[in-house]
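Chemist:
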Amino acid sequence: MIENPQPSWLPFLLLALPGIGFAAYAVNKFLFPNDDRPLCTVGAIGLILALLPTHLLALATGSLNLGLAGAWIGIGAGGYAWLGHHWQKFPPRIRGGSELGYRLGVAALATLPIVLPTILLNFHDETYFGGHQAIIAHLQNGSYPPRYLYEPSLPLRYHYGFDLAAAIVTGLLRIRIDQAIDILTLALWPTMFLLLWRVGEHVGGRRAGLLVALAVSFSTGLCPTCTVNGLKTNPPFVSYFFQHPWGLGIVIFCLLVLQRAALDRTDNQVWRVGALVCSLLLLSLAQSVLFVVTVIAFGFADFWKFVRSGSRTAVTVLFGLAAAVLGTKLIGGFFDSASYPSAGGVLGTGFYLREYPGNNAVLEQIEWNLLSFGLPLVLGVLGLCRAHRERVLLAGLAGTSLIAVNGLRYGYSWDITKFAAVTSIALAIGTGIFLAGLLDWALTSVRRLIFGALAIAVAGLGVVYPFYFLLAISPKHRPAFSMQLIRPYISTQYPVDVDSARAVNFLRTHMQPAEVLYVGVKNSEPYAIWGGLPTQSSVYPADTADDDVYGLGKGKFAARMDLSRISGDWFDRLSAEHVSWLVTEPDDVAVITALHNEEGGHRAALVAEYGTVSVFYIAPVEGDNLSQIDLKLVPR
0 MIENPQPSWL PFLLLALPGI GFAAYAVNKF LFPNDDRPLC TVGAIGLILA
50 LLPTHLLALA TGSLNLGLAG AWIGIGAGGY AWLGHHWQKF PPRIRGGSEL
100 GYRLGVAALA TLPIVLPTIL LNFHDETYFG GHQAIIAHLQ NGSYPPRYLY
150 EPSLPLRYHY GFDLAAAIVT GLLRIRIDQA IDILTLALWP TMFLLLWRVG
200 EHVGGRRAGL LVALAVSFST GLCPTCTVNG LKTNPPFVSY FFQHPWGLGI
250 VIFCLLVLQR AALDRTDNQV WRVGALVCSL LLLSLAQSVL FVVTVIAFGF
300 ADFWKFVRSG SRTAVTVLFG LAAAVLGTKL IGGFFDSASY PSAGGVLGTG
350 FYLREYPGNN AVLEQIEWNL LSFGLPLVLG VLGLCRAHRE RVLLAGLAGT
400 SLIAVNGLRY GYSWDITKFA AVTSIALAIG TGIFLAGLLD WALTSVRRLI
450 FGALAIAVAG LGVVYPFYFL LAISPKHRPA FSMQLIRPYI STQYPVDVDS
500 ARAVNFLRTH MQPAEVLYVG VKNSEPYAIW GGLPTQSSVY PADTADDDVY
550 GLGKGKFAAR MDLSRISGDW FDRLSAEHVS WLVTEPDDVA VITALHNEEG
600 GHRAALVAEY GTVSVFYIAP VEGDNLSQID LKLVPR
C-alpha cells in the first residue's frame, strides 16, 4: 500500500485540539461585545488559529511537520492555560438553547443535499495533475512551502489553504486524501451556513438571516451549464463550493464581515484590527479572488465611512487592509513574490482588458450575465437597496466583481468567472433580504404562492444541482484520474498494485523537492496524484493547450510534452527539464530499450527494483559518477 510519510506521532497533536477550541472561544469573547456575541464564529476562529500559525511556522522552518507541531502545541497550551484561569465560568451558559438547536437542525438539513455527491465523487480538478489530491499528497511529503509540481524549483502560487488543512487531517487521523477532503467539505458546509445566517441577520434584520443563508447556498442563474461565445456561464455557488478553496474562503469571509461590524462596538480596536488582518491573511491563502474583492470592498466602504463621519475606526481598518496586502507578499500562496516569469497582460498577471469588437459581442455578454445570474440579478439589487447595514460594502462586493468579470479576461483559463462567484454571493445576500421583506407582504394565499414561486425560482435548482452530479457515477471499474469513488471507501489503501506502491514509497523519501520524475502517463496516477511527486506530466494546461495555467512559456510546455518522444537526445532533454528519476513498468518498451543502449548505461543507474517496477536515477550530464549513488538506501 502507499504509506503516509507523515510522522507517526502526529495523531498525538489531537490532544491539542480542545486547547485550540478553548483559545478560539477566548478570542471570540475578545472580538465581539457581550450583548451580541455569536457562537458560530468560534469554529471559523479555530480554523484561523489552527492554520495560519502552522503555515507561518512551516515557512520559517521549511517543514510542515515542525510547523504543525510548534503551532498546535503553542496555541493548544494557550487555550488550556486560558481555561485554567476561567474554569469556574466554563462551560458558559448559552442563551436561547432551543433556538440554537433549531439553527443546528436547519444547518444539518441544508447539508443533506451535498452528502452523497461529496462522498461518491471527486469533483472538478481533485484527481487531475496538479489538482487538490496531488497538492495534499505533496504536502504530506513534508517540505514547505509546497512546490509547483510542473516546475518544482518554484513555490506553488496557489490558494492552498484548504489543501494545507486536508494534509493536517491526513496526518492526524491517518486516512486517505480523498477521505480528508470529504471530512472537511462536510464540516465546512454547515459552518458556512450558520455564518451566512448570522451575516444575513446583520445586514438585513433577524428575519433575513435564514433566507440569506439559503439564497447564497443554493441560488442559481437561468442556465448554469450553458456556454455563450465560448465562455461557460457561471455555475451555482454549490458547484464552486466543491472547488474546495471556496469552502474555506467563504467561512473566513463571513467571519471578516462580522469582525469588521463589531469594531465600532468594542474597545482596543488596534488589537481587533490586528485580528482582522490575520483573518485577511488566511483568506488570501484560502481563496485569492475572494480576498482581492473583499479588500477592495472593505477599503471602499471604510473610505466612504471616513469621508462621511471622520471615523477613526475606518482609518484603522484602512491601515489594516494595507498591512494585509503587504503581508500577502510575505506569507506566500497566490501572491508569492517568487520569480515567476511575466504572464503578460496587465502588470504581468495574465489578465487582459476584454475587448468588445461590435454590438453582437456586447449583446452576447449581456446574455451571459442574464443566464449566469438569473433572477438574483434583479431581486439582489432590490434587496441590497433595502439592506439595514453594509449597503456600501455589499455594493462594493457586487460591483467590483461584476466589473472584473465583464471587463477582464484571463489569458490561460476560464477562471475569470470566479469573480462572478463573488457577484453571485453578494446578489444572493440581497435576494435573501428582498425575500425577507416580501414576507411582510405575503399575507394572503395568492401572495404566499407568489413568494413560494420566487423562492423556488431562486434556489430550487440549486438544491437539486448536487444530485445532478450523481449522474456521473459509474458502477464500472474506476479508470485512472477519474472523479469516481475510490473503492473500497472505508479503507486506507489506494487502488494500486503492491510493486508500484513500494516504488512510490521509496521515491517519496528519496526525491528532493525540486526534482522531477519521468513515468509513463498511463501508469502515473499513484506517483503524481497519491504520491504528490512532480512528474513530467504534472501540468494543468491552459485553455489554449500550448502552455500551463501560469504562463511559464510555450517553449517549456512543448519541451515537456516532447519528452514522450524517445530519441537519441532523450537523456539530454530529460536533464534540460530537471528530470532526475525514472520509473519503468513492463509496458514501457521504448523507455526500457533506451535504458539498455550505451548512453542509457552511462546516464541512468538502477537504484531500486520492486517486482516488475524499476526505479532509476538519471545523471544530469553524461560522465557524472553514478557509482556515488548510495544503493544501500533501499533493499532490492
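Sequence positions in the sequence shown follow numbering that gives the first Met the number 0 and run 0 to 635.
For every residue, glycine included, the Cβ atom is placed at its ideal position computed from N, Cα and C.
(1) Ignore the nearest five residues each way along the sequence and tell me which others in Ser400's own chain have a CB closer than 6 angstroms to its CB.
(2) At 3 residues or longer, what runs of the beta strand (DSSP E) sit wholly inside the region 145-214?
(3) Between Phe466, Leu470, Pro487, which has its C-alpha nearest His476's C-alpha?
(4) Rank Ile617, Gly519, Arg259, Glu514 by C-alpha distance to the C-alpha of Val606 and give the top, closest one.
(5) Taking DSSP as the reference, what is the three-state secondary structure of Asp542?
(6) Could you name the residues of the same chain whose beta carbon sits closer than 6 angstroms to that of Met191, not counting the 5 residues immediately before and after it, in chain order?
(7) Which residue or residues does DSSP assign as beta-bridge partners of Arg408?
(8) Thinking C-alpha only, which one of Cys225, Leu13, Gly73, Thr60 is nearest Ile167?
(9) Taking just the CA atoms, how far does Leu247 sit from Arg602?
(10) Please determine if the region 55-63 and the region 293-309 are in contact, where contact requires at least 3 C-beta pairs separated by less than 8 angstroms.
(11) Any idea which residues DSSP pairs Leu230 with across the strands?
(12) Which one or two residues does DSSP pair with Glu389 in a beta bridge?
(13) Alpha carbon to alpha carbon, how far is Gly42 from Leu163? Give it in angstroms, no decimals.
(14) Under a Cβ-count criterion, where at least 16 other Cβ atoms within 10 Å of its own Cβ denotes burial, should Glu354 be classed as buried or exposed?
(15) Leaving aside the five residues before and after Gly406 along the sequence, list all residues of the same chain whose C-beta is less than 8 angstroms from its C-beta, in chain order.
(16) In terms of alpha-carbon separation, which member of Asn368, Phe29, Met510 lies closest to Pro234?
(17) Look at the alpha carbon of Ile330 and the alpha carbon of Leu438, and state the distance between them as a whole number of angstroms.
(18) From Leu171, Trp8, Ser238, pick the residue whose C-alpha is nearest to that of Leu469; which is it?
(19) Which residue comes first and which comes last in the beta strand (DSSP E) that contains Thr583?
(20) Starting from the Cα of Met0, find the closest Cα among Ile295, Ala593, Trp529, Asn358 and give me that residue.
(21) Along the chain, where does the alpha helix (DSSP H) containing Tyr24 start, and where does it finish?
(22) Looking only at its own chain, which residues have a Cβ that is under 7 angstroms from the Cβ of Ala435, when we skip the five neighbours before and after it?
(23) Assuming the contact rule is C-beta atoms closer than 8 angstroms, Cys225 and Leu370 should be a hit. Round their C-beta distance to whole Å, please.
(24) From which residue to which residue does the alpha helix (DSSP H) around Ile485 run?
(25) So what's Asp301 in DSSP terms, helix, strand or just coil?
(26) Under a three-way DSSP split, which group does Leu615 fall into?
(27) Helix, strand or coil for Lys631 per DSSP?
(28) Could you say if the region 181-200 and the region 212-230 meet the contact criterion of at least three C-beta pairs nearer than 8 angstroms?
(29) Hey, out of Thr169, Phe372, Asn3, Gln132, whose CA is closest to Lys231's CA?
(30) Express the C-alpha separation of Trp196 and Gly550 in angstroms, rounding to a whole number.
(31) Roughly how many angstroms separate the alpha carbons of Ser537 and Ala527, rounded to a whole number?
(32) Along the alpha helix (DSSP H) that carries Val324, what are the first and last residues, could you check?
(33) Counting along the chain, where does the alpha helix (DSSP H) carrying Leu383 start and finish?
(34) When burial is assigned at 16 or more other CB atoms within 10 Å of the CB, is Glu125 buried or exposed?
(35) In whole angstroms, what separates the C-alpha of Thr265 from that of Leu381?
(36) Taking the alpha-carbon positions, what's the Asp263 to Ala57 distance?
Modeler: Let me spell this out:
(1) Val292, Phe418, Val421, Thr422
(2) none
(3) Pro487
(4) Ile617
(5) coil
(6) Ile249, Val250
(7) For Arg408, the beta-bridge partners assigned by DSSP are Tyr351.
(8) If we check each option's Cα against that of Ile167, Leu13 comes out closest.
(9) 46 angstroms
(10) no
(11) Per DSSP, Val227.
(12) Glu389 pairs with nothing; no bridge assigned.
(13) 17 angstroms
(14) With fewer than 16 other Cβ atoms from the protein chains shown falling within 10 Å of its own Cβ, Glu354 counts as exposed.
(15) Only Leu352, Arg353 meet the Cβ criterion.
(16) For the residues Asn368, Phe29, Met510, the minimum Cα distance to Pro234 belongs to Asn368.
(17) 46 angstroms
(18) Ser238
(19) 578-583
(20) The residue with the shortest Cα to Cα distance from Met0 is Trp529.
(21) 16-30
(22) Gly203, Gly204, Arg206, Ala207, Leu210
(23) 5 angstroms
(24) From DSSP, Ile485 is part of no alpha helix (DSSP H); its letter is neither H nor E.
(25) helix
(26) For clarity, residue 615 is Phe in the given sequence; the question names Leu instead. Strand.
(27) Confidence in Lys631 is poor, its pLDDT being 41 and thus under 50, which makes the residue's placement unreliable; the coordinate value appears in the next sentence. In the structure shown, Lys631 falls within a helical segment according to DSSP collapsed to helix, strand and coil.
(28) yes
(29) Phe372
(30) A direct Cα-to-Cα measurement between Gly550 and Trp196 gives close to 40 angstroms.
(31) 7 angstroms
(32) Per DSSP, Val324 belongs to the alpha helix (DSSP H) from 311-330.
(33) 375-384
(34) Counting the other CB atoms within 10 Å of its CB gives Glu125 a total of 16 or more, which places it among the buried residues.
(35) 32 angstroms
(36) Going from the Cα of Asp263 to the Cα of Ala57 covers about 35 angstroms.
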